[in-house]
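In my numbering, the protein residues as written are 300 to 424.
Notes for the one structure printed next.
So this is what it looks like as structure tokens:
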């Protein structure tokens with residue numbers, strides 16, 4: 300007996316369609332938000348030396364923990380593999396991963412996400 304093929308059209312109710320949308324809820328600490336704001340969300344790499352100059356108010360340990368955490372989650376990329384010391388950061392460049400830039404922008408500025416969702420609801424009416 301042959302297996303049934305895929306249906307030509309999927310009849311999915313409206314609420315179920317919305318649940319199929321892939322969205323990422325990103326939770327960031329204050330230090331991570333500060334680092335992302337200093338790097339920028341455009342995807343343009345920022346030299347580590349400039350990043351250190353911009354992050355003068357953070358302690359070195361907090362800065363390294365935040366940066367390494369963002370890199371471990373693949374939110375921030377680097378041209379160097381091992382970033383463990385301040386000197387390692389100075390020799391590297393750091394772009395934000397373009398795959399996450401929209402979600403990171405929402406996490407850095409939650410009001411932006413609310414405004415976009417409100418505009419989408421108004422368009423559906």
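Backbone N, C-alpha and C fix where the C-beta goes; we use that ideal spot for every residue, glycine too.
On a predicted model such as this, the values are computed, not experimentally measured, just so you know.
Cβ-based neighbour list, residue i, same chain, cut-off 7 Å, excluding 5 preceding and 5 following
i: residue 379; result: 387, 390 and 391
i: residue 411; result: 404 and 405
i: residue 344; result: 392, 393 and 394
i: residue 423; result: none
i: residue 356; result: none
i: residue 373; result: 396
i: residue 320; result: At residue 320 the pLDDT is 48, less than 50, meaning the model places this residue with poor confidence; the figure from the coordinates comes in the next sentence. No residues qualify anywhere along the chain.
Beta-carbon contacts of residue i that lie in its chain and below 8 Å, excluding the five residues immediately before and after
i: residue 369; result: 331, 334, 335 and 375
i: residue 318; result: Only weak support exists for where residue 318 lies, its pLDDT of 44 falling under 50; the value from the coordinates is given anyway. Taken in chain order, the list of residues that qualify is empty.
i: residue 400; result: 340, 341 and 342
Residue i and residue j closer than 9 Å at C-beta
i: residue 393; j: residue 365; result: no
i: residue 403; j: residue 340; result: yes
i: residue 337; j: residue 354; result: yes
i: residue 342; j: residue 395; result: yes
i: residue 382; j: residue 367; result: yes
Bounding residues of the alpha helix (DSSP H) (the contiguous stretch that carries residue i)
i: residue 328; result: Looking at the DSSP string, residue 328 is not in any alpha helix (DSSP H), and its letter there is neither H nor E.
i: residue 399; result: Note, residue 399: premise wrong, no alpha helix (DSSP H); not H, not E.
i: residue 370; result: 359–371
i: residue 341; result: Residue 341 -> no alpha helix (DSSP H), and no H or E assigned at all.
i: residue 349; result: 347–353
i: residue 386; result: 385–389
i: residue 412; result: 409–423
Outcome for residue i when other beta-carbon atoms lying within 10 angstroms are tallied against a minimum of 16
i: residue 405; result: buried
i: residue 377; result: buried
Other residues of its chain near residue i: CB distance less than 6 Å, five sequence neighbours each side excluded
i: residue 327; result: 406
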